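Enquirer: Got a structure for you, questions after.
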Amino acid sequence: MNDLVGSLRTRYRDVRTSRELRAFLADPLNIAGLAIVGTLVIAAVFGPLVAPYDPAAQDVPNRLQGPSLAHPFGTDQLGRDIFSRLLYGARLSLGIAVLVTAIRLVLGTTIGVLAGYAGGWIDELLMRLVDVQLAFPGLVLALVIAGILGPSLRNVMIALAVVGWASYARVVRASVLSTKEREFVQAAQLMGVSRFRITIRHLLPNVASPVIVLATLNLGTVILGTAGLSFIGLGAQPPTPEWGTMLSAGRHYLRDAWWIANIPGVAIMLTVLGFNLLGDGLRDILDPKHDATSEKIT
Amino acid sequence: MNSTVSRRQLLGGIGAAAVSGLAGCAEGSTDEPGTFTIVPHMDPTGAGDSWDNWGGMSPYWTRVVEPLVWGTEDMQPEPWLATDWEATGDTTWVFELREGVSFHNGEEMTADDVVTTFEDDILTERGDFVYGWLHLEPNSVEKIDDYTVEFENTEPFPGFPGTIAHNMIDIHPPEAEPREGNVIGTGPFTLEEIDNGQQLEVAAFEDYWGGEPGPDSLTFRAAEDATTRTNLLESGDVDIIYDPAKSRVSSFRADDDIALETEQSPGSTYVSVNLYNEPTDDAALRQALNHAISQEEIVDSLLEGIGIAARGPISTVIDWAADKELPNYERDHDAARELVDESSYDGEALSCLVENDMDDGGLIAQRLDSEFDDIGVDIDVEVLEQASLDDRVDSGEFHLRIRGSQSNSPAADYLMWENFHSLGISNIDRYENEGTGLHNLGGEVDELIETGFQSREPDEKETAYVEAQRQIMEGAVVIPLYFQEYVVAADAAIEGIGHHPIDRLTEWTDLRRES
Chain A
1294 MNDLVGSLRT RYRDVRTSRE LRAFLADPLN IAGLAIVGTL VIAAVFGPLV
1344 APYDPAAQDV PNRLQGPSLA HPFGTDQLGR DIFSRLLYGA RLSLGIAVLV
1394 TAIRLVLGTT IGVLAGYAGG WIDELLMRLV DVQLAFPGLV LALVIAGILG
1444 PSLRNVMIAL AVVGWASYAR VVRASVLSTK EREFVQAAQL MGVSRFRITI
1494 RHLLPNVASP VIVLATLNLG TVILGTAGLS FIGLGAQPPT PEWGTMLSAG
1544 RHYLRDAWWI ANIPGVAIML TVLGFNLLGD GLRDILDPKH DATSEKIT
Chain B
113 MNSTVSRRQL LGGIGAAAVS GLAGCAEGST DEPGTFTIVP HMDPTGAGDS
163 WDNWGGMSPY WTRVVEPLVW GTEDMQPEPW LATDWEATGD TTWVFELREG
213 VSFHNGEEMT ADDVVTTFED DILTERGDFV YGWLHLEPNS VEKIDDYTVE
263 FENTEPFPGF PGTIAHNMID IHPPEAEPRE GNVIGTGPFT LEEIDNGQQL
313 EVAAFEDYWG GEPGPDSLTF RAAEDATTRT NLLESGDVDI IYDPAKSRVS
363 SFRADDDIAL ETEQSPGSTY VSVNLYNEPT DDAALRQALN HAISQEEIVD
413 SLLEGIGIAA RGPISTVIDW AADKELPNYE RDHDAARELV DESSYDGEAL
463 SCLVENDMDD GGLIAQRLDS EFDDIGVDID VEVLEQASLD DRVDSGEFHL
513 RIRGSQSNSP AADYLMWENF HSLGISNIDR YENEGTGLHN LGGEVDELIE
563 TGFQSREPDE KETAYVEAQR QIMEGAVVIP LYFQEYVVAA DAAIEGIGHH
613 PIDRLTEWTD LRRES
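As you go down the protein sequences, you meet chains A and B in turn.
Positions in the first sequence are counted from 1; adding 1293 to them yields the numbering used here.
Positions in the second sequence are counted from 1; adding 112 to them yields the numbering used here.
Here it is as C-alpha cells:
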C-alpha cells in the first residue's frame, strides 16, 4: 500500500513538473530571459578564455577605434579592447550579483523565519526593524553607506547587501505564518519534532518558491545598483573592467565614440532585462496564485 | 466608473508631458545684441562652497567686485582700484587709491572703505588661512588720507601687490554684506539676480570708473559637466563656454559657427611623490618613474592636444618658471628598469591617489599604471573624493598623488613655498611634528625658495627659483605631466572676449555680437 502511494506521489510530481516546464518554455519571453542569462553565465565562466586581449592592455595609438574585426566592440580612450573588458566585466558583475543576493537571501530568510515562527515580541521587534529598513530608498541608503566606507567594489557589495534583505524577510515571514498553521506542521509539533527540524524540513521548503523568484529579480537589481554606484565613482577603481565604470568613462565621448558608453550600457540593460524576464517566468510557474492579468492598468 | 487606459496610451501621455516639460524648461540665449550667456567650468553661483561664495555669487568671472590690483597678460601686477604702490620699508606698503571710483550704491570709494574691507572682513571673517596667504594680520591696515592706505606685512613680502590681485580680495563699502548676498562692488556689472545652483544675472553699471561696459547684461549659467556645457553651446542655448568636452574640441575646430581659443594658464598638473614613505623615499625609484612616461603622448593622445608637455612643476606662463633648464627625463623604459633594480623597491604596490572631480585624472592614472607596470612597478589607483583624499595626504599614507596646482593671482610665489618648502602648507605639519614632510627636500632648496620669496630683484628671484626647481627635479620630487591650458568656445558671431592667463580675471566689458 505504501509503495503504491509513493509511486502515485512521484508520478504526480513528475507530471506537475513537466507541465510547469512546458508552461515556462511556452512563453517566448521566458526563453528570451533564459537565453540572456545563459549567455551571461557562459560569458562569465568562459569569457577570460575566449577574450582576444588582456582587458588592461593599452594601445594608445589605436585609441577610440570603432567596431571592427580586430576589435568587435571598438577600443576605449586608452586603446583597450572593449569586447575583452566586457567579458571580464561579466564575471565581475555576475559574481557580485550572486554574492550580494546570497547574503541578502540568507539574512532576510533567517530573520523572516525567526519572526514568523517565533511570533510575539520577537516578531514585533524584527518586523519594525524591517519597516525601518524599508523606509529608506534602497539605492540612496547604499550610496550613503558606500560613501562612508569609501570607494571599492567590496564596499559596494557590503552597501548593497545591507540594504536589500528586508523584502526577503517580509516575504518569508508571510509564508511561514500561513505554513505553520497547516496540519502537517501541527502534527509534527504534536509528535515532538524539534523547532529546528520543523523549520528545515517543513517551513523552508514552503517558502522556497517566492524566495527564488525574488532572488532572480534581485540579481538584475544588484547588477544595476553596482553599475550605478560605480558610475558615480563609489565602486570599482580603475582599471577594473566593471560595466558601470566603463559606462562612466565613455560618457564624454557619446558623440564621437558612442561604443565606449553604449556597449556596456546595453550590456547592463540586457542583463537586467534577462533577469527580470526570467524572474517573471519563474513567478508564473512557481506561484500559481499570481495572476498576470492583475498587472493591467485600470 | 472604471475606465481602462492602455499601457501604450499611458506611455504616450508621459512622453508628451515630458516633451512639453522640456520645451518649457529650455531657455535659449536671447541673441539680443547686448546680452550674453556664459558658462564657466565652475558653478558661478558658488553653490556649496563657503570661502569663495559671496552670498550665492562667485567673485570669479562675474566682474561685480574688484580688488585694488589686477594682473596683466604677462602675469604682472596692474594698477586697478589702486593706481600706484610703493614699498616704504621691509614690511610696509603704501597704496594710492584711484579717485572717482563709485560703488554700485553710488558712494565713492575712499581709504576708509579699504581699511574696513580688510580689517572687518578679509582679516577677520574669512579664516586664518588669510594671514599666511597675504602675510597680514588684523590691525595692519591704516588710512593715511582719503586716497592713501598703508599695509604692514608680518614679514618681508615683495609679492604682496601681485598676491592681492585676486577676485577674493575685493573692496566693498561697510554696508555691504557679501556673505549675506548683499554684494556691493565697484565692478563694471551689478548683481541682479541669483538662482542658486542654476544661474546668476548681472547688468551693466553705467558709472563704472573704466567707462560704461559694452554688454547690457550677462547671464552666468552653472554646468560643471563638460559634456553638458558642450551641448548647451551646440544647441545655441548659451553663447560662451569654458572647457568644452575634450572629445568635441576637434569637431569645434572644424565648425565655422564656433570660435575656439586656447590659452595657457598659470597651472600645471603633476604627480607629487611622498618623499617620506617607503619606497618612494628612494630617489632612484622616483627617477625611474620619471623615465617611465611620455608627457607628449599624454598631452597629444589623452588630452586631445590641450596642454603643454611639462618638464617641471611651474607653468611657463610664470616669468621665473624653469623648463628648458631642468633635467629631461625622456621616456626610457630600459633606463627606468635599471633604476628600479638599483632602488629599494621590493614589488609592493604604490598607492596613487586621484581626486574624483579632477578632469582626466582617472584616465592619466590608468596610463601611468600601464607605464609603471612595464618597468616593474605596481600601483593601486584610488579615486577619492576631496575630504578622503585630504585625510590620506595629511596622514602621509600614500606614495603618489596626481594633482593640479594653479595660481589665481599674478604673484605665484606661493606655488613654490606651499608645495616645496618645509614650512609650506603641504609639509609644515609633518615637518614640525616629525621632522619630515611630504614634498620638501629641505636644506638648500628651502633656502633658495626663501631667497626667491623675499627678493625684490627679478633676476635674483628667478635665479633662486630656477635653481630650486632644478634641484627639485633632480631629486624627482614630482613627475611633471603638463602645463594647463583652458579652452573657450563661443558663438563665432561674438567678439571681444578678453582672454587672460587667469581665466577668472577675464573681462567682459568689450563683448559684442556681430550683426
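Ideal Cβ positions, reconstructed from N, Cα and C, are used throughout, including at glycine.
Remember, it's a predicted structure, so these values are computed and weren't measured experimentally.
Checking contacts by CB at 8 Å: is B:Arg360 closer than that to chain A?
Expert: Judged by the 8 Å Cβ criterion, B:Arg360 is in contact with chain A.
Enquirer: So, at 6 Å on beta carbons, what are the nonlocal neighbours of A:Arg1336 in its own chain, with the 5 sequence-adjacent residues on each side left out?
Expert: According to the sequence displayed, residue 1336 of chain A carries Ala and not Arg. For A:Ala1336, where only same-chain residues beyond five positions count, the Cβ hits under 6 Å are Leu1380 and Ala1383.
Enquirer: Determine, for B:Thr184, whether the minimum Cβ-Cβ distance to residues of chain A falls below 8 Å.
Expert: No, its Cβ sits nowhere closer than 8 Å to a Cβ of chain A.
Enquirer: Looking at A:Pro1348: is its Cβ nearer than 8 Å to the Cβ of A:Arg1373?
Expert: It is a contact, given that the beta carbons lie within the stated cut-off.
Enquirer: Output, in chain order, the set of chain B residues within a Cβ distance shorter than 9 Å of A:Ala1550.
Expert: Residues of chain B passing the Cβ test: Ser359.
Enquirer: What residues in its chain sit with their C-beta under 7 Å from that of A:Gln1358, if we drop five residues either side in the sequence?
Expert: Cβ neighbours of A:Gln1358 beyond the five flanking positions: His1364, Gly1367 and Thr1368.
Enquirer: Taking buried to mean at least 16 other C-beta atoms within 10 Å of its own C-beta, is B:Glu483 buried or exposed?
Expert: B:Glu483 comes out buried.
Enquirer: Name the chain A residues whose beta carbon is nearer than 7 Å to that of B:Asp481?
Expert: Simply Pro1532.
Enquirer: Closest to B:Trp529 by CA distance: which of B:Leu438, B:Glu390, B:Asp368 and B:His247 is it?
Expert: Measuring from the Cα of B:Trp529, the nearest candidate turns out to be B:His247.
Enquirer: Give the DSSP-derived three-state secondary structure of B:Phe301 in the structure shown.
Expert: Reduced to three states, the DSSP call for B:Phe301 is strand.
Enquirer: Which of the residues in the region 1427-1452 of chain A, read from start to end, lie with their CB under 9 Å from any CB of chain B?
Expert: Listed by position, the residues of the region 1427-1452 of chain A near chain B (Cβ gap below 9 Å) are Gly1440, Gly1443, Pro1444 and Ser1445.
Enquirer: For B:Glu607, count neighbouring Cβ atoms within 10 angstroms of its own Cβ and tell me buried if that reaches 16, exposed if not.
Expert: With fewer than 16 Cβ atoms within 10 Å of its Cβ, B:Glu607 is classed as exposed.
Enquirer: Answer yes or no: do A:Asn1499 and A:Ser1468 have a C-beta to C-beta separation smaller than 8 Å?
Expert: Against a cut-off of 8 Å, the Cβ pair of A:Ser1468 and A:Asn1499 comes out as a contact.
Enquirer: Measure from the alpha carbon of A:Ala1560 to the alpha carbon of each residue in A:Ile1329, A:Leu1318 and A:Val1406, then state which is nearest.
Expert: When each option's Cα is compared against that of A:Ala1560, the closest is A:Ile1329.
Enquirer: Over what stretch of residues does the alpha helix (DSSP H) that includes A:Ile1553 continue unbroken?
Expert: Per DSSP, A:Ile1553 belongs to the alpha helix (DSSP H) from Trp1551 to Leu1579.
Enquirer: So if DSSP puts B:Val314 in a beta bridge, which residue, or which two residues, is it bridged to?
Expert: Answer is B:Leu303 and B:Leu330, bridged to B:Val314.
Enquirer: Which value, in whole angstroms, describes the spacing of the CA atoms of A:Ala1481 and A:Ile1493?
Expert: Answer to the nearest angstrom: the Cα atoms are 12 Å apart.
Enquirer: Taking the CB atoms as reference points, tell me whether B:Met187 and B:Pro613 lie closer together than 8 Å.
Expert: Yes, Cβ-Cβ distance for B:Met187 and B:Pro613 is below 8 Å.
Enquirer: Would you check if the distance between the CB atom of B:His216 and the CB atom of B:Phe317 is smaller than 8 Å?
Expert: For B:His216 and B:Phe317, yes; Cβs fall inside 8 Å.
Enquirer: With a CB to CB cut of under 7 Å and the five nearest residues on each side skipped, what residues in its chain are close to A:Leu1432?
Expert: Gly1518 and Gly1521, listed in sequence order.
Enquirer: Determine the DSSP secondary structure at A:Ser1487, reduced to helix, strand or coil.
Expert: Three-state result, A:Ser1487: coil.
Enquirer: Suppose the cutoff is 6 Å on Cβ atoms and the five residues either side in sequence are ignored; what does the same chain contact list for B:Leu623 look like?
Expert: For B:Leu623, where only same-chain residues beyond five positions count, the Cβ hits under 6 Å are Phe148, Gly326, Pro327 and Gly608.
Enquirer: Mind checking the region 469-503 of chain B against chain A and listing, in chain order, the residues whose C-beta falls within less than 7 Å of any C-beta there?
Expert: Listed by position along the chain: Gly474, Leu475, Ala477, Gln478, Arg479, Asp481, Ser482, Val493, Glu494, Val495, Leu496 and Ser500.
Enquirer: CA-CA distance, B:Thr563 and B:Thr184?
Expert: C-alpha separation (whole angstroms): 25 Å.
Enquirer: Mind pulling the chain B residues with CB within less than 8 Å of A:Gln1351?
Expert: Those are Gln478, Arg479 and Ser482, listed as they occur along chain B.
Enquirer: For a contact defined as C-beta to C-beta under 8 Å, what are the partners of A:Gly1526 on chain B?
Expert: What A:Gly1526 touches in chain B: Asn468, Val495 and Glu497.
Enquirer: Check whether chain A comes within 8 Å of B:Tyr388, counting only Cβ atoms and requiring the distance to be less than that.
Expert: B:Tyr388 does not count as touching chain A.
Enquirer: At 7 Å on the CB atoms, spell out the chain A contacts of B:Ser628, in chain order.
Expert: Since the first and last residues shown for chain B are 113 and 627, residue 628 of chain B lies out of range.
Enquirer: For the alpha helix (DSSP H) containing A:Ile1441, name the first residue and the last one.
Expert: Taken as a continuous stretch (DSSP letters only), the alpha helix (DSSP H) holding A:Ile1441 covers Gly1431 to Leu1442.
Enquirer: Cα separation between B:Pro104 and B:Tyr320?
Expert: Nothing in the structure corresponds to residue 104 of chain B, since chain B is present only between 113 and 627.
Enquirer: Report the residue ranges of all beta strand (DSSP E) runs contained in full by the region 245-293 of chain B; include only those spanning at least 3 residues, in chain order.
Expert: Segments of the beta strand (DSSP E) lying fully in the region 245-293 of chain B: 253-257 and 260-264.
Enquirer: I want to verify the contact list: residues of chain A whose CB lies under 8 Å from the CB of B:Thr339, in sequence order.
Expert: Chain A residues near B:Thr339: Arg1544, His1545 and Leu1547.
Enquirer: Taking all protein chains shown into account, do 16 or more other C-beta atoms lie within 10 angstroms of the C-beta of B:Asn402, making it buried, or fewer, making it exposed?
Expert: Per the 10 Å Cβ criterion, buried.
Enquirer: So B:Pro395 and B:Gln407 are in contact, right, with Cβ under 8 Å, and what is the actual spacing, rounded?
Expert: The question names Pro, but residue 395 of chain B in the sequence shown is Ala. The Cβ separation is near 20 Å, so there is no contact.
Enquirer: Going straight from the alpha carbon of A:Thr1509 to that of A:Glu1535, what length do you get?
Expert: Cα-Cα distance, rounded: 21 Å.
Enquirer: On the three-state DSSP scale, how would you describe B:Val117?
Expert: With a pLDDT of only 47 at B:Val117, under 50, the local geometry of the prediction cannot be trusted, and no value is derived from it.
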